[in-house]
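Note sheet for the following structure.
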Amino acid sequence: MRRAPTILHLDMDAFYAAAEQAAKPSLRGKPVVVGGIGPRGVVATASYEARVFGVRSAMPTAQARRLCPNAAYLSPRFTLYRQVSDTVMELLRALSPLVEPLSLDEAFVDLEAGGVPAETAAVRAVGEQLRRDIKAATGLTGSVGLAGAKMLAKIASEAAKPDGLVVIEPGTERELLGPMPVRTLPGVGPATAETLRRAGIHTVAETAEAGEAELVRLLGKAHGTGLYAMALGQDDRPVVAERDAKSVSVEDTFEVDLTDRTRVRNEVLRLADRCVGRLRAAGRSGRTVVIKVRNYDFSTLTRSETLRGPTDDPAVVREAAVRLLETVDTTGGVRLLGVGVTGLAGFTQEDLFAQLATEREAEEQAAGGAAEPAEEAAGEPEAGVELPRRWHPGLDVVHEEFGAGWVQGSGLGRVTVRFETPWSAPGRVRTFTVDDPALRPGEPLPLLGGPDQSSAPAIRPKSVSPAGEAESEAGEEISRR
Ligand code: TTP
Ligand code: MG
Ligand code: MG
1 MRRAPTILHL DMDAFYAAAE QAAKPSLRGK PVVVGGIGPR GVVATASYEA RVFGVRSAMP
61 TAQARRLCPN AAYLSPRFTL YRQVSDTVME LLRALSPLVE PLSLDEAFVD LEAGGVPAET
121 AAVRAVGEQL RRDIKAATGL TGSVGLAGAK MLAKIASEAA KPDGLVVIEP GTERELLGPM
181 PVRTLPGVGP ATAETLRRAG IHTVAETAEA GEAELVRLLG KAHGTGLYAM ALGQDDRPVV
241 AERDAKSVSV EDTFEVDLTD RTRVRNEVLR LADRCVGRLR AAGRSGRTVV IKVRNYDFST
301 LTRSETLRGP TDDPAVVREA AVRLLETVDT TGGVRLLGVG VTGLAGFTQE DLFAQLATER
361 EAEEQAAGGA AEPAEEAAGE PEAGVELPRR WHPGLDVVHE EFGAGWVQGS GLGRVTVRFE
421 TPWSAPGRVR TFTVDDPALR PGEPLPLLGG PDQSSAPAIR PKSVSPAGEA ESEAGEEISR
481 R
């Protein structure tokens, strides 16, 4: 534990949904749900306006539609989110060499390693300035937590949401954590919480009072000891720059052992996507794909496969992970699954081109299933009918006469488009036939900028486009590695 709150945790507010609201003026202040829009799709996230109705991440989209029928339901546009993420991560890297991205919208920063004086006033000023810089550079808001430990910094940013900053002064953490539900602590899922509840333990304070021996008796050695330390606010994990890391991996423990083979496979696919998300957030690629399987009896094994070259392609990592899974007997039940990529390299030029080529494809695929990528592409209202193009709601289009807009909906051979841009007033809706030759798919527009940039797509191949400001930064980033 540090004596000053020099660990910063940043998390963007309602990230995908906020990016969509910034891009689509007619949706500002309205409920927006981003995710798989098909019948088996899952919610990736919901704007705060939609959360009021109970819509949450990972909820089936069908359930969200029942709770909040008037929300806009949009397919994700990962190209845009990655672009915003890159901008945010660059701002963080300007604060310290020790930045640990956890996902596209979230990272730890070690401010002490960045030379910020170890005093509350100084770190608070840096956190507030960062929030202003993020707003200015992206148009979006993020929340900041500052504390002397990673766990506490993350709890602080959660408490700061939305659009806020919270500092936990070292020395006050036990008092602050005490009344919080035990679920607040990392690693406490519904099953652990239930075990603790049956033992009369509901809050963090009660967890600490129970004592280490009792927690070990209830939860086993590793989990019990770890939980006790966290209940005391003790967490000395360092911030690790992903750039220096040798591997990136993600894993999940399941409340109930998984026995269904399809479910196991879907979880592995989901983990592969999450792993690639972290890999990309760090601007890295890797050569070896690893899976980890812990069986019902706690026996744990890993399998790995080394590719011909480094990759950050979700399809390649998914395929390798599934191939590896096929070599493992999971019939007894699986407690934990993990997917990792090791042998990390920075981006090579070759990777970049390969990435650009597959990006469209991956988005097409993801647009149907989003948070549940294992699902097949969404059934459109007119599924079964041969369509010349698929117009997913939320995606960018350009019309020869009316200019840039986005798909509001499609069905029965028609597509409705709202013509507006991030810097325009809310726009009008027009309807076309799905094969209207004047209508074609567009590129994400920059969230900030203005009419003078309206012809410039937000994303261009970084290494070949003329140097706009964002691209020249990215170019330097690549050559540094
Ligand atoms: P989060 O930071 O967990 O959520 P959020 O940014 O939408 O909202 P907030 O932080 O204000 O509570 O996740 C970041 C993005 O990751 C989110 O916008 C969409 C995506 N995501 C999924 O696709 N599936 C999920 O289950 C979760 C939790 C997030
Ligand atoms: Mg977030
Ligand atoms: Mg997050």
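So in UniProt numbering, spot 203 of the sequence shown is number 203, and the numbers just go up one at a time.
Where is the CB? At the ideal position from N, CA and C, for every residue including glycine.
Selected residue, minimal CA-CA separation from residue 178, among 233, 264, 200, 136: Stepping through the sequence shown from its first residue, residue 178 is reached at position 178. Comparing Cα positions, the closest option is 233.
Where residue 373 falls: helix, strand or coil (DSSP): Here residue 373 corresponds to residue number 373 of the sequence shown, with the count starting at 1. Low confidence applies to residue 373: its pLDDT is 34, below 50, so where it sits in the model is not reliable enough to give any reading.
Contact test: residue 326 Cβ vs ligand 3 heavy atom, cutoff 8 Å: Translated into the one-based positions of the sequence shown, residue 326 becomes position 326. It does not: the Cβ of residue 326 is nowhere closer than 8 Å to a heavy atom of ligand 3.
Run of the alpha helix (DSSP H) containing residue 419, from where it starts to where it stops: Locating residue 419 in the sequence shown gives position 419, where the first residue counts as 1. No alpha helix (DSSP H) contains residue 419, which is instead part of the beta strand (DSSP E) from 414–419.
For residue 406: DSSP bridge partner residues: Here residue 406 refers to the residue found at position 406 when the sequence shown is read from its first residue. Under DSSP, residue 406 shares a beta bridge with 396, 418.
Which residues DSSP lists as bridging residue 440, in chain order: Stepping through the sequence shown from its first residue, residue 440 is reached at position 440. 398.
Coil, strand or helix - residue 268 by DSSP: On the sequence shown, position 268 is the one that residue 268 refers to. Residue state, collapsed to three classes: helix.
Collapsed DSSP secondary structure at residue 457 in the structure displayed: Your numbering for residue 457 matches position 457 in the sequence shown. Below a pLDDT of 50, predicted positions are generally treated as unreliable, and residue 457, at 44, falls in that range; no measurement from the model is reported.
Segment limits, alpha helix (DSSP H) that includes residue 9: Working through the sequence shown from its first residue, we reach residue 9 at position 9. No alpha helix (DSSP H) holds residue 9; the beta strand (DSSP E) holding it covers 7–12.
Residue 122, enclosing alpha helix (DSSP H) - first and last residue: Walking along the sequence shown from the start, residue 122 turns up at place 122. That run of the alpha helix (DSSP H) goes 120–138.
Straight-line Cα distance separating residue 7 from residue 19: Stepping through the sequence shown from its first residue, residue 19 is reached at position 19. Stepping through the sequence shown from its first residue, residue 7 is reached at position 7. Taking the straight line joining both Cα atoms gives about 26 Å.
Cutoff 8 Å; reference residue 31; Cβ partners in own chain excluding five residues on either side: Within the sequence shown, residue 31 is the residue found at index 31, counting from 1. Cβ contact annotation for residue 31 (same chain, cutoff 8 Å, sequence separation greater than five): 46, 47, 49, 50, 52, 53, 55, 68, 70, 71, 72, in chain order.
Per-residue burial, residue 240 [other beta carbons within 10 Å of its own, 16 or more giving buried]: To locate residue 240, count along the sequence shown from 1; it is residue 240. With fewer than 16 other Cβ atoms within 10 Å, it is exposed.
Test item: CB-CB of residue 339 and residue 410 under 9 Å: Sequence index remark: in the sequence shown, residue 339 carries index 339 (1-based). Sequence index remark: in the sequence shown, residue 410 carries index 410 (1-based). The answer is no: Cβ separation not under 9 Å.
Residue nearest to residue 396 in terms of C-alpha spacing, selected from 414, 413, 420: Working through the sequence shown from its first residue, we reach residue 396 at position 396. Of the candidates 414, 413, 420, the one whose C-alpha sits nearest the C-alpha of residue 396 is 420.
Strand pairing of residue 106, partner residues [DSSP]: Taking the sequence shown and counting its residues from 1, one reaches residue 106 at position 106. Looking at the DSSP assignment, residue 106 forms a beta bridge with 11, 103.
Through-space distance from residue 236 to residue 380, alpha-carbon basis: Locating residue 380 in the sequence shown gives position 380, where the first residue counts as 1. Locating residue 236 in the sequence shown gives position 236, where the first residue counts as 1. Note that residue 380 scores 37 on pLDDT, short of 50, meaning its location in the model is unreliable; the coordinates nonetheless yield the value given after this. When rounded, the distance between both Cα atoms is 49 Å.
Runs of beta strand (DSSP E) lying entirely within the region 5–83, each at least 3 residues, in chain order: The region 5–83 contains these whole beta strand (DSSP E) runs: 7–12, 32–35, 43–46, 72–74.
Cα-Cα separation, residue 219 to residue 225: If you number the sequence shown from 1, residue 219 lands on position 219. If you number the sequence shown from 1, residue 225 lands on position 225. The straight-line gap from Cα to Cα measures roughly 9 Å.
Under 9 Å between C-beta atoms of residue 37 and residue 392: As a working mapping, residue 37 is identified with position 37 in the sequence shown. As a working mapping, residue 392 is identified with position 392 in the sequence shown. Yes. Within cutoff.
Segments assigned beta strand (DSSP E), at least 3 residues, entirely inside the region 199–260: As for any beta strand (DSSP E) of minimum length 3 sitting wholly inside the region 199–260, the runs are 247–258, ordered along the chain.
Same chain, Cβ closer than 7 Å to residue 107, neighbours up to 5 away in sequence not counted: Here the question's residue 107 lines up with position 107 in the sequence shown. Answer for residue 107: 10, 89, 92, 99, 100, 101, listed in chain order.
Alpha helix (DSSP H) segment containing residue 161, residue limits: Along the sequence shown, one-based indexing puts residue 161 at 161. Where residue 161 is concerned, there is no enclosing alpha helix (DSSP H), because DSSP gives it neither an H nor an E.
Euclidean distance between Cα positions of residue 193 and residue 294: As a first step, residue 193 is located in the sequence shown; it is residue number 193 there, counting from the start. As a first step, residue 294 is located in the sequence shown; it is residue number 294 there, counting from the start. Computed Cα separation, rounded: 21 Å.
Whole-Å CB distance - residue 191 paired with residue 267, under 8 Å assumed: On the sequence shown, position 191 is the one that residue 191 refers to. On the sequence shown, position 267 is the one that residue 267 refers to. Incorrect: roughly 16 Å between the Cβ atoms, too far for contact.
Where residue 87 falls, given that 16 or more other Cβ within 10 Å makes a residue buried: The residue given as residue 87 occupies position 87 in the sequence shown. Burial of residue 87 is indicated by the presence of at least 16 other C-beta atoms within 10 angstroms of its C-beta.
Near ligand 1: residue 16 beta-carbon under 8 Å from a heavy atom: On the sequence shown, position 16 is the one that residue 16 refers to. Yes, the Cβ of residue 16 comes within 8 Å of a heavy atom of ligand 1.
Proximity of residue 144 and residue 116 at Cβ, strictly below 9 Å: Reading the sequence shown from its first residue, position 144 is the one you call residue 144. Reading the sequence shown from its first residue, position 116 is the one you call residue 116. No, the pair does not count as a contact, with Cβ atoms beyond the cut-off.
Strand pairing of residue 305, partner residues [DSSP]: What you label residue 305 is simply residue 305 of the sequence shown in a count that begins at 1. In DSSP, residue 305 forms a bridge with 289.
Straight-line Cα distance separating residue 252 from residue 229: Sequence index remark: in the sequence shown, residue 229 carries index 229 (1-based). Sequence index remark: in the sequence shown, residue 252 carries index 252 (1-based). Pairing residue 229 with residue 252, the inter-Cα distance amounts to about 21 Å.
Of the listed residues 213, 35, 160, nearest to residue 74 (C-alpha basis): Stepping through the sequence shown from its first residue, residue 74 is reached at position 74. Closest option to residue 74, Cα to Cα, is 35.
Identified DSSP bridge partners for residue 336: Translated into the one-based positions of the sequence shown, residue 336 becomes position 336. According to DSSP, which records beta bridges pairwise, residue 336 is partnered with 253, 294.
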